[in-house]
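Only one structure is covered here, and it is reproduced in the block below.
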Amino acid sequence: MIRIHRANTADTATEHAAGVKPWIVERLDLARMFSVYVYRAARGLPQLGSAALCEAFASATYVSAGPARGIIDIFTSGAIWGKKATADGVQDALLSLVSGTGVTPKVKAPEARRLWSQIAWIQQRIDKVLVSLPADLWSIDQSLMKVCGGAFSAHAKALLMWLFDYDWWCTGASGIMWTAGLLAEKLDVRSCPYCNRQYTFSVVKKGTGDVIRPDFDHFCEKSVHPLLAMSFYNLVPSCTTCNSRLKHRTPFNVIDYLHPHLEGFDNDCVFQLGDSVAGADPLALIEKPETIPLSMCHNLPTTNPKRTRIENNLSEFQLEQFYQGHRDVVAELVLKHRIYTDAFVEGLRHQLPGAKLTDDVVSRILWGNYSQDDNLGKRPLSKLTRDIVRELKGDSIT
Ligand SMILES: [Zn+2]
């Protein structure tokens, strides 16, 4: 588990919010108008401004036929749909809805009022929803849940999923300049923070301009916390194995799990070799890396809350088990440590006449990876390499 080290994360969060806000705000405005219509229909009250509602949908920049059908379905009986979700179909459905011809609202009046309150509450806090830090996001989500009576109703949940439609955003919705690919490019998280075993940087596909990017893990699962589906600090670039195979829908929070934007294992949990490696024949280890005793150790007292988070992350991502598969790398490190005498390293420093190699560059050449805390996220297996080399050299943890 590697903390995401970036100098300008807050700026990127602001940029992300500015990029996604236009289409989310548009949906909030339409949903607010729509909830009023449904409330009046459910109460049998005459509708006001029917034309304005239809016009608002017709002139929406981002809410095309598909998304429009989505919100109409949330509020009303699906029976209004006689044709596919085309722009004309949406207009027909809206007209029949606002004229009250044969349309049964699915949402009763009290629920329509609650949904209206929910929308208004979000409109006042949309910036906080999009850019707040992880612990604050959790509080915001809990506050909205209170507004909704302690739990999201099926309609409330469906509405939130429509408002913060992550899947629609990811599938390249037309007219959206700030895409998931662009966010991944800007973040440039080069290895999966959860496992540090896979590369996660993005590339632009030649010819199409599409960005081939890593997964975005929703730290707080979006099906349970749909309000946070588009929040910057809830989108963690990660490898598919960690996102879809391991973490998947496990309910994460910042109390029980490490959040990559806040903390990593750092020196509180390190890779460690068994004592038998010190006297072992390195060539024998190269031949049989499966004999190397490799573990992940932490020495935090039980009273330290980070200890629980570390243990939970180790377990959730099966890190100790996965890293047994990287013991061939460890065997090479043990062999290199035997080869790299002081004279060898000093000779290396003078291999490029006229160039002065820094300690960091020399270390990268020797061990094939980054070793400074801030750079561990740049390459897979960097923490494994750093910890094992430090143990082999007998360096103390600072
Ligand atoms: Zn991973």
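Numbering of the sequence shown is given in my numbering, commencing with residue 4 and proceeding in unit increments.
Positions of the beta carbon are idealized from the N, C-alpha and C atoms, including for glycine.
Is there at least one non-hydrogen atom of ligand 1 closer than 7 Å to the beta-carbon of residue i?
i, result
"Tyr197", "yes"
"Gln354", "no"
"Gln50", "no"
"Arg248", "no"
"Gln94", "no"
"Arg200", "yes"
"Ser385", "no"
"Thr361", "no"
"Cys245", "yes"
"Ser241", "yes"
From which residue to which residue does the alpha helix (DSSP H) around residue i run?
i, result
"Val110", "First-last for Val110: undefined, no H or E at that position."
"Phe37", "Thr12 to Arg46"
"Phe347", "Asp345 to Arg352"
"Val192", "Counting along the chain, Val192 falls outside any alpha helix (DSSP H), and DSSP gives it neither H nor E."
"Ala334", "Arg330 to Ile342"
"Val402", "Residue 402 is absent from the structure shown; the chain starts at 4 and stops at 401."
"Leu140", "Pro137 to Val150"
"Ser399", "Taken as a continuous stretch (DSSP letters only), Ser399 belongs to no alpha helix (DSSP H), as it is neither H nor E."
"Phe320", "Neither: Phe320 is in no alpha helix (DSSP H) and is coded neither H nor E."
"Phe60", "Ser53 to Ala61"
Sorted by chain position, which residues of the same chain lie with C-beta nearer than 7 Å to residue i's C-beta, five sequence neighbours on each side aside?
i, result
"Val192", "Ile7, Thr203, Pro240 and Gly380"
"Arg43", "Gln50"
"His158", "Ile77, Val110, Glu114 and Leu118"
"Val132", "Ile125, Ile143, Leu230 and Ser234"
"Cys195", "Gln201, Thr203, Ser241, Cys242 and Cys245"
"Leu136", "Tyr236"
"Leu317", "Met299 and Glu323"
Looking only at its chain, what residues have a beta carbon closer than 8 Å to the beta carbon of residue i, apart from the 5 residues adjacent to it on each side?
i, result
"Leu387", "Asn199, Phe274, Tyr326, His329, Val332 and Val333"
"Ala59", "Asp32, Leu33 and Met36"
"Asp269", "Arg6 and Asp376"
"Gly152", "Arg117"
"Leu56", "Met36, Phe37, Tyr40, Leu97 and Val101"
Please return the same chain residues whose Cβ sits closer than 6 Å to the Cβ of residue i, not counting the five positions on each side in sequence.
i, result
"Met164", "Pro229"
"Arg312", "Tyr260 and Leu261"
"Lys189", "Thr15"
"Asn372", "Arg382, Ser385 and Thr388"
"Asn315", "Asp259 and Tyr260"
"Arg252", "Glu224"
"Val207", "Val214"
For the beta strand (DSSP E) containing residue i, name the first residue and the last one.
i, result
"Phe219", "Asp218 to His221"
Practice item. Kindly provide the ranges of any alpha helix (DSSP H) runs that are 4 or more residues long and lie completely inside the segment 250 to 313, ordered along the chain. Key: 285 to 290
Check your understanding: Do the segment 58 to 71 and the segment 141 to 155 meet, that is, are 3 or more Cβ pairs less than 8 Å apart?
Key -> no
Review point. Fully enclosed by the segment 356 to 390, which alpha helix (DSSP H) runs are 4 residues long or longer?
Key: 362 to 370
Point to revise | Segments of 4+ residues assigned as alpha helix (DSSP H) that fall wholly inside the segment 161 to 246 | key: 169 to 173 and 183 to 190
Check your understanding: Given 8 Å as the limit, is there contact between the segment 285 to 295 and the segment 263 to 274, that is, 3 or more CB pairs closer than that?
Key -> no
Practice item. Could you tell me whether the segment 20 to 30 touches the segment 156 to 174, using the rule of 3 or more Cβ pairs below 8 Å? Key: yes
Review point. Using 8 Å as the Cβ pair cut-off and three pairs as the minimum, do the segment 230 to 237 and the segment 15 to 24 touch?
Key: yes
Check your understanding: Between the segment 274 to 289 and the segment 336 to 350, are three or more C-beta pairs nearer than 8 Å?
Key -> yes
**Study point:** Stretch-stretch touch, CB-based, cutoff 8 Å, three pairs: the segment 299 to 306 with the segment 350 to 359
**Key:** no
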